[in-house]
Amino acid sequence: MKIMLLAAAALVLQMLVFLCLGSVVMKVRGEDKYSLSHAAWIGYFVYFGVFEAICLGCEITLLPLRTLALIMAIFMGGAILLGLFSGYRSWIGSMNSLRYRLNLHGIPVIFMLLALAASVVFVLLYYDASADSGWYVGTATTALGTNTIGRFDPSTGERILRFQARYALNCFPYHNAVVSSLLRGLPVIVQARSVMSVINVIMSFLSVYELGRCLFPDYEERGRKVRSIASRPGAYSRKRADLFVVMVFVLNLLSSTIYMPGIFLFTRSFEGKSLIVNVAIPAVLAIAVSMWRETEQAPMRSLFWVMAASVCFSASSIMVLALSIMSILPLIVVRGKWIRLLSLAAACAPVLAWGAVYYLIQHGAIILRTWR
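For the sequence shown, the numbering used here begins at 13 and goes up steadily by one.
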C-alpha cells in the first residue's frame, strides 16, 4: 500500500510540474488560448530539456546524485510556485468550462479516453525482462545506490574509467533516480516501469492529439449564426483530432514487430527510444504542420524544447533533427523566408551540439574521465 501511495504521489507530482512549466511558458509567450493538456504537453518537453542540461553538468563535474536531486527539487518547487501564480486563473477557467469543451468533443472523446485507459492498463500490467529494461532500471538503481551519475556499469557493477558518449550524453534514466531519491521509499523499478510508463503513454496520446488538431483546424465562418454545439468554433477540430488519436491507437495495436511504433509504445514505454518514436516525432510533425498552416504563434520555440528533450531521451534524437529539416526546410524555400534558416538552426542547436560532442568523444578529441 505504501508503494502504491508513493507511486500515485510521484505521478501527481511529475504531472503537476509539467503543467506548471507549460503554464509559465504559455504565459511568457502571451498565448491567448489556454489548454491544460497543451500546457502539460509543452511542460513535459521543457522539463526534460532543462533536466538534460542540469544532469549533464552534474555528471561531467562528477557531482553526486544527491546534489542533482537537490537542484531538481529546487527547480521543481520553483516551477510549481510560478505555475500556480501565473496559471491558476487559467486552471479555474478551464475547469469551469470543462462541460462545454467536452460537448465540443462529442462522442469521439469517449473512444479516445477508452483507448488511453486501455493503453495505461496494458503498460502497467505488461512484464518485460529484456536487456534494455534491465539497463534502464539498472542505470537508475545504480546511480541511486552509489550516489553517483554514470560512474558505474549497471550490468557488472564495475567502475567506468571514461564516460561513453552513447550513454553519458542522454540523461533520461537518471530522472527516475532523482524522483526515487526525492520520494524516499519509492523503488526505482516502480518509478521507471510503472509511473514513467503511464506518463509517457499520456504524453504520446497528447502528441498525436496535437498533430490531429493541426491537421484538422477550424475555419470559422464570420457572420454565421451558431445554432448547435456541434457547429461552434473548436468542435470540428476537436472531434477529428479525437478520431485521429483513435485511428493511430488502432494502427499501433496492429503492430507486430519490434520495428513498429506500437511495440515501442505498449511494451517499451519506459525507454528513451520509445519517446523519440511516440512523443517527439508526432510533436515535430505537429509543429511543422502548424508552420505550414501558420496557426501557431511560436513554432520554433516549441521545436527547440522538443529537440532539447529528445537529446535527453536517446541518441536517436538525430531522427528528430532529420525530420525537422525535411519538413520545415521546404517551407522556407517555397515561401522564400530565408531569415527563418537562422531560427531553424537555433531550434536544432541542442541536437547539433549533441552530435558534435558525440563525434569528438568517439574520435578521442574529448576524453571525459569518471574518476580524478
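Note that the Cβ used here is the ideal one computed from N, Cα and C, for glycine as well.
Quick caveat: nothing in here was measured; it's all calculated off a predicted structure.
{"Query": "Length of the line joining the Cα atoms of I344 and A300", "Result": "11 Å"}
{"Query": "Sufficient close CB pairs (3 or more, under 8 Å) joining the region 153-168 to the region 302-317", "Result": "no"}
{"Query": "Touching by the beta-carbon criterion (3+ pairs, under 8 Å), the region 119-139 and the region 85-94", "Result": "no"}
{"Query": "As assigned by DSSP and simplified to three states, the class of A134", "Result": "Here residue 134 is Phe; the residue named in the question, Ala, does not match the sequence. Three-state result, F134: helix."}
{"Query": "Collapsed DSSP secondary structure at F60 in the structure displayed", "Result": "helix"}
{"Query": "C-alpha distance - M208 paired with G348, whole-angstrom precision", "Result": "42 Å"}
{"Query": "N188 beta carbon less than 8 Å from that of V291", "Result": "no"}
{"Query": "Coarse secondary structure for F164, derived from DSSP in three states", "Result": "strand"}
{"Query": "Closest by C-alpha distance to M124, when choosing among D254, L75, I66", "Result": "D254"}
{"Query": "Own chain, CB closer than 8 Å to L23, minus 5 neighbours either side, in chain order", "Result": "V207, V210, I211"}
{"Query": "Rounded straight-line distance, which links the Cα of L297 to that of A359", "Result": "14 Å"}
{"Query": "Own chain residues within Cβ distance below 7 Å of Y371, not counting five before or after", "Result": "none"}
{"Query": "Opening and closing residue of the alpha helix (DSSP H) in which I334 lies", "Result": "Here the sequence assigns Ala to residue 334, which means Ile is not the residue at that position. Run containing A334: 329-347, per the alpha helix (DSSP H) assignment."}
{"Query": "Own chain residues within Cβ distance below 7 Å of T160, not counting five before or after", "Result": "P76, L77"}
{"Query": "Three-way DSSP call (helix, strand, coil) for R280 in this model", "Result": "coil"}
{"Query": "One or two residues paired with R174 in a DSSP bridge", "Result": "R381"}
{"Query": "F30 vs Y59 beta-carbon contact at 8 Å", "Result": "yes"}
{"Query": "Close Cβ partners of S106 (< 6 Å) along its chain, the five nearest in sequence each way excluded", "Result": "L48"}
{"Query": "Sub-8 Å separation of R171 and R163 beta-carbons", "Result": "yes"}
{"Query": "DSSP state of E222 mapped onto helix, strand, coil", "Result": "helix"}
{"Query": "Range covered by the alpha helix (DSSP H) that runs through N108", "Result": "77-108"}
{"Query": "Expected contact under 8 Å - CB spacing of E289 and V260 to nearest Å", "Result": "In the sequence under discussion, the amino acid at residue 289 is Val, which differs from the Glu named in the question. That belief does not hold up - the Cβ atoms of V289 and V260 are roughly 12 Å apart, past 8 Å."}
{"Query": "Beta-carbon proximity list for A127, same chain, < 6 Å, skipping 5 on both sides", "Result": "V258, F261"}
{"Query": "Residues near S131 in its chain [Cβ-Cβ closer than 6 Å; skip 5 each side]", "Result": "V213"}
{"Query": "Candidates S35, S336, K14: closest to I104 by CA position", "Result": "S35"}
{"Query": "Backbone CA spacing between F256 and G224 [nearest angstrom]", "Result": "6 Å"}
{"Query": "Of the residues A334, I337, V323, the one placed nearest V369, counting alpha carbons only", "Result": "V323"}
{"Query": "Beta-carbon proximity check, E222 vs W53, cutoff 8 Å", "Result": "yes"}
{"Query": "Of the residues A51, K39, V40, R252, the one placed nearest L28, counting alpha carbons only", "Result": "A51"}
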